[in-house]
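So the protein lines, in turn, are chains A and B.
Our numbering puts the first sequence at residues 324 to 654.
Our numbering puts the second sequence at residues 324 to 654.
Number of protein chains: 2
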Amino acid sequence: MSLGEFDIIHTYFNKKIKRQDVVLGLGDDCAILEPPAGKEIIVSTDSLVLNRHFLPETSPFDVGYRAVAVSLSDIAAMGGNPAWLMLSLVLPKVDESWLDEFSKGLFFILEKFNVDLIGGNISRGPLSITTQAIGYGISKNLLRRSAAVPGDLIYVTYTLGDAALALALIKKEIQPDLFSAEEIAELTRALWQPTPRIVEGQAIGKLAHAAIDISDGLLADLSHIMANSQVGAMLYLENIPLSASLKKLPNEKKIELALSGGDDYELCFTVSPKQLPQLDVVNEHLNYPFTCIGQITTHPGLRIKDLEGKSISFSQKGYQHFSEVINKVCG
Amino acid sequence: MSLGEFDIIHTYFNKKIKRQDVVLGLGDDCAILEPPAGKEIIVSTDSLVLNRHFLPETSPFDVGYRAVAVSLSDIAAMGGNPAWLMLSLVLPKVDESWLDEFSKGLFFILEKFNVDLIGGNISRGPLSITTQAIGYGISKNLLRRSAAVPGDLIYVTYTLGDAALALALIKKEIQPDLFSAEEIAELTRALWQPTPRIVEGQAIGKLAHAAIDISDGLLADLSHIMANSQVGAMLYLENIPLSASLKKLPNEKKIELALSGGDDYELCFTVSPKQLPQLDVVNEHLNYPFTCIGQITTHPGLRIKDLEGKSISFSQKGYQHFSEVINKVCG
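Here's what the structure looks like:
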C-alpha cells in the first residue's frame with residue numbers, strides 16, 4: 324500500500340471526537356466509552372461486500388453512507404440511541420479518491436445522528452466493510468422481535484419497495500422511461516442512502532411491543548417477529564404504503580417489490596390497539612405518519628388479504644389462496 | 324447457500340449465554356448488555372483475511388481461535404476485562420465441516436476467557452472474519468499507549484519471535500530439521516493459537532503506565548507507545564526473552580524475528596521503577612515472569628544495545644550503528 328494503515332486512518336478517519344462520553348477514541352488498542360448510568364448498551368454489526376451489497380459502480384460516498392446506515396438501522400429497530408461506531412475496512416489497494424469519498428459518506432451520516440467513529444481496523448483483501456454500531460437504551464423500553472402479542476396492530480414507517488425498485492432499474496429489469504429524472508434520483512437515494520429510522524424508533528419505544536428493520540423484505544422480516552413471538556399475522560395489501568413511483572408499476576410487480584424487496588430499512592412494529600391514542604400523538608409530529616398494515620394473530624402463519632379482497636396464505640413455498648373472509652382491523 | 328444465514332447461526336453459533344450481564348444475545352436486531360456500574364466500556368475490532376492473516380491450509384479451528392484471540396489481545400493490552408464478542412463472517416460458500424471446526428475453535432477460546440458470543444452477521448463473499456471484542460475496566464487503570472514516562476522500564480510478557488519463526492517454517496524460509504516435532508507443534512500453536520494476555524494485563528493495570536500488544540513486531544508496536552507518549556526508548560538485545568527453539572537460530576535471524584516478527588500477541592508495557600516491588604509480587608504469581616528489556620528515554624527515537632555491547636539506533640530506514648555507551652538499567 325502506498326499509504327500505510329496509520330496514514331489512511333490519520334488522513335481520512337481521524338475526525339475530532341464530539342461526544343462527551345468518549346473517553347478515548349481512535350489510536351489505541353481499544354476505545355474507552357462511558358455509557359450513561361442506568362442504561363443498557365446495545366450493539367449490532369453488519370457487513371457490506373462488493374458485488375453482494377453494492378456494485379463496482381456504486382459511488383464510494385454511498386458505500387460509506389450505507390455501511391453506517393445499515394448498522395444504525397439496527398439501533399433504530401430496538402428504539403435505542405446510537406452513540407458510537409467501529410469500522411473494519413478490507414481494501415484491495417489504497418485508492419485515495421475512493422477513501423476520500425467513502426469517508427465523506429461515512430461521516431455525513433455519522434454527524435447527522437451525532438455518532439462518533441471511535442475505532443477500527445484496515446486490512447488488505449477483497450473489498451468489504453464491516454461496521455459495529457453501539458448505542459444504549461432502557462432495557463424495558465427496547466423493542467424485541469419476541470414481544471409481539473396477538474391483537475397487536477402491525478405498522479410500518481414511510482413506504483416500502485422503493486429500494487427494490489431502484490435495484491430493478493439498475494439491473495434493467497424495469498424500464499426507466501416510466502419515471503422522471505427526479506423520481507429516479509429519489510429511488511436511487513432510497514437504495515443507497517436509506518435513513519435509519521432512529522427518530523421513529525425512539526418515538527415508539529415506550530408504546531410498541533415488537534419491532535424489526537426491513538432489510539430482507541417485509542415478509543421475511545415480519546416472519547422473524549412471528550417466529551420469535553410465536554404468533555401469526557394478517558396483512559392487508561391495500562394498506563401497504565407505496566410511493567408515487569412504485570404505484571406506476573403493474574399490481575403484481577409493485578406488490579412483489581413492496582412485500583419481498585429488501586433494503587428499505589423502514590421499521591415494522593407491533594403495538595397494542597390500546598396505545599392508538601398515544602400513537603396518534605406521535606404520528607402528528609412525524610413527517611410521514613406510520614401506516615397500519617395488519618394485525619398479529621394467534622392463528623399461526625401469515626395470511627394476506629389481496630387487492631381484490633381475496634385472502635391468500637403465505638408460506639416458504641410461495642402464496643397459496645384460501646377462502647377465509649377477513650375483517651380488516653385498520654386503515 | 325445450502326444452509327441460510329439463520330440455519331448457520333442456529334447450528335453453529337447459537338450457544339447458551341452464560342454471563343449474567345447479557346440481557347439479550349443472538350437473534351434480534353441488537354444484543355442488549357448490562358455493563359457493570361461505575362466502569363467504562365472498552366471496545367476493539369480486528370479482521371482476519373484469507374491469504375493475509377491465515378492460509379488456505381490453516382485449520383478452521385485455528386482460524387476461529389485466532390479471530391477471537393487477536394481481539395481479546397486488544398482488551399488485554401488495556402488491562403481490561405473481556406466480556407462479549409460480535410462476529411461478522413464473510414463466507415464464499417457454506418462448508419459445514421469448515422463451520423463446525425471454525426466454531427469449535429471460536430468457542431474454545433471464548434469459554435476459556437468467559438466471553439459470550441452475543442451477535443453477528445453472515446454474508447456471502449471472499450472469506451474474511453471480523454470480530455469485535457467488548458469489555459470493561461476502570462478508566463484510570465486502563466493502559467494507554469500515550470502514558471509512558473521517561474525513566475519507565477519496558478517489560479514484555481513471555482518470549483518474542485516464536486510466531487514469526489513458525490511462519491518462516493511454513494514459508495520454508497527456515498529448514499525444519501533444527502527442531503523436534505514437539506518444538507514445531509509448540510511454534511505452530513504460538514502462531515495460530517496465541518494466548519491473549521488477559522491475566523497479565525489485569526495484573527499490571529494498577530502498576531503500569533503504557534501498554535500495547537505486539538501484533539506487528541516489538542519495534543513497530545513499541546514505536547506506537549513512543550509516538551503517542553512523545554518519548555524515546557532504549558532496548559537491550561540480550562534481555563529480549565527468546566524460546567529455546569528461537570535460540571537455535573543464528574544471532575542475526577533470531578534477533579530479526581524477535582524484534583520485527585509480528586503475531587506474538589505478547590504485551591509490551593512500561594512501568595515506573597518505583598513500582599518494582601509491587602511488580603515482583605505480581606511476577607511471583609505468573610507462570611512466566613515479565614522480562615525487563617529496556618527503558619523509556621527523553622532522548623527521542625529508539626536505540627538498541629546489541630549482543631556485542633555496541634549500541635545501534637533504529638529508524639524506519641533500518642539499523643544504524645552509533646557509538647554512545649549505554650548503561651543498562653535492568654536485567
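Note that beta-carbon positions come from the ideal geometry of N, C-alpha and C, so glycine has one too.
Quantities reported herein were computed from a predicted structural model and do not represent experimental measurements.
Nonlocal neighbours in the same chain, by C-beta distance under 6 Å from residue i, ignoring five residues either side
i: valine 346 of chain B; result: Ile355 and Glu357
i: aspartate 587 of chain B; result: Leu483, Ala486 and Ile537
i: proline 517 of chain B; result: Ala392 and Tyr588
i: leucine 488 of chain A; result: Leu510, Leu569 and Leu580
i: valine 479 of chain B; result: Glu589, Cys591, Thr614 and Ile616
i: asparagine 337 of chain A; result: Leu349
i: lysine 571 of chain A; result: Leu501
i: isoleucine 364 of chain A; result: Pro358 and Tyr459
i: histidine 376 of chain B; result: none
i: leucine 450 of chain B; result: Leu373 and Pro415
i: alanine 470 of chain A; result: His532 and Ala533
i: serine 520 of chain A; result: For clarity, residue 520 of chain A is arginine in the given sequence; the question names serine instead. The answer, listed in chain order, is Ala399, Thr480 and Leu590.
Residue(s) in a DSSP beta bridge with residue i
i: glutamate 607 of chain B; result: Glutamate 607 of chain B pairs with nothing; no bridge assigned.
i: glutamine 343 of chain A; result: None; glutamine 343 of chain A has no bridge partner.
i: lysine 633 of chain A; result: In the DSSP output, where bridge partners are listed per residue, lysine 633 of chain A has none listed.
i: lysine 628 of chain B; result: B:Tyr559 and B:Ser634
i: serine 451 of chain A; result: A:Val372 and A:Val413
i: asparagine 551 of chain B; result: None, per the DSSP bridge assignment.
i: cysteine 615 of chain B; result: B:Tyr478
i: phenylalanine 377 of chain A; result: A:Leu373
i: alanine 456 of chain B; result: B:Ser367 and B:Leu408
Reduced DSSP category for residue i - H, G, I as helix; E, B as strand; rest coil
i: aspartate 330 of chain B; result: helix
i: glutamate 437 of chain A; result: At residue 437 of chain A the sequence reads asparagine, which differs from the glutamate that was named. The answer is coil: DSSP assigns asparagine 437 of chain A none of H, G, I, E or B.
i: glutamate 589 of chain A; result: coil
i: glutamine 516 of chain A; result: coil
i: glutamine 598 of chain B; result: helix
i: glutamine 655 of chain A; result: Residue 655 of chain A is absent from the structure shown; chain A starts at 324 and stops at 654.
i: glycine 524 of chain B; result: helix
i: leucine 466 of chain B; result: coil
i: serine 446 of chain B; result: strand
i: leucine 545 of chain B; result: helix
i: phenylalanine 336 of chain B; result: helix
i: leucine 366 of chain A; result: The sequence given here has valine at residue 366 of chain A, not leucine. Three-state result, valine 366 of chain A: strand.
i: proline 358 of chain B; result: coil
i: isoleucine 537 of chain B; result: coil
i: proline 405 of chain B; result: strand
i: isoleucine 461 of chain B; result: coil
i: threonine 621 of chain B; result: coil
i: alanine 471 of chain B; result: coil
i: lysine 529 of chain B; result: coil
Outcome for residue i when other beta-carbon atoms lying within 10 angstroms are tallied against a minimum of 16
i: histidine 532 of chain A; result: buried
i: histidine 547 of chain B; result: buried
i: threonine 453 of chain B; result: buried
i: glycine 361 of chain B; result: exposed
i: glutamine 601 of chain A; result: exposed
i: glutamine 643 of chain A; result: With a pLDDT of only 38 at glutamine 643 of chain A, under the threshold of 50, the placement of this residue in the model should not be trusted; the figure read from the coordinates follows. The residue in question, glutamine 643 of chain A, is exposed, as its Cβ has fewer than 16 Cβ neighbours within 10 Å.
i: valine 554 of chain B; result: buried
i: histidine 593 of chain A; result: Here residue 593 of chain A is threonine; the residue named in the question, histidine, does not match the sequence. Buried, by the Cβ-count rule.
i: proline 573 of chain A; result: exposed
i: alanine 508 of chain A; result: exposed
i: aspartate 397 of chain A; result: buried
i: tyrosine 611 of chain B; result: exposed
i: asparagine 374 of chain A; result: exposed
i: serine 503 of chain B; result: exposed
i: serine 420 of chain B; result: exposed
i: threonine 368 of chain B; result: buried
i: glutamate 714 of chain B; result: A question about residue 714 of chain B goes unanswered here, because the residues of chain B that appear run from 324 up to 654.
Residues near residue i in its chain [Cβ-Cβ closer than 7 Å; skip 5 each side]
i: leucine 560 of chain B; result: Ile578, Ile627, Lys628, Asp629 and Leu630
Cβ neighbours of residue i in the same chain (closer than 8 Å, five flanking residues each side left out)
i: leucine 599 of chain A; result: Leu476
i: arginine 539 of chain A; result: Reading off the sequence shown, one finds aspartate at residue 539 of chain A, where the question assumed arginine. For aspartate 539 of chain A, where only same-chain residues beyond five positions count, the Cβ hits under 8 Å are Gly585.
i: glycine 524 of chain B; result: Ile398, Ala399, Ala400, Met401, Gly402, Gly403, Leu466, Ala534 and Leu590
i: isoleucine 332 of chain B; result: Leu349, Gly350, Gly443 and Ile445
Open item on the list: So, does the segment 494-510 of chain A touch the segment 463-474 of chain A, judging by three or more C-beta pairs under 8 Å?
Closed with: no
Open item on the list: Can you confirm whether the segment 426-439 of chain B touches the segment 334-349 of chain B when touching is taken to mean that 3 or more C-beta pairs between the two stretches lie within less than 8 Å?
Closed with: yes
- [ ] Pair every Cβ in the segment 456-471 of chain B with every Cβ in the segment 406-416 of chain B, then say whether three or more of these pairs are closer than 8 Å.
- [x] yes
Open item on the list: For the structure I just gave you, are there three or more beta carbon pairs, one from the segment 412-430 of chain A and one from the segment 380-397 of chain A, closer than 8 Å?
Closed with: yes
Open item on the list: Would you call the segment 442-452 of chain A in contact with the segment 414-425 of chain A, where contact means no fewer than 3 C-beta pairs closer than 8 Å?
Closed with: yes
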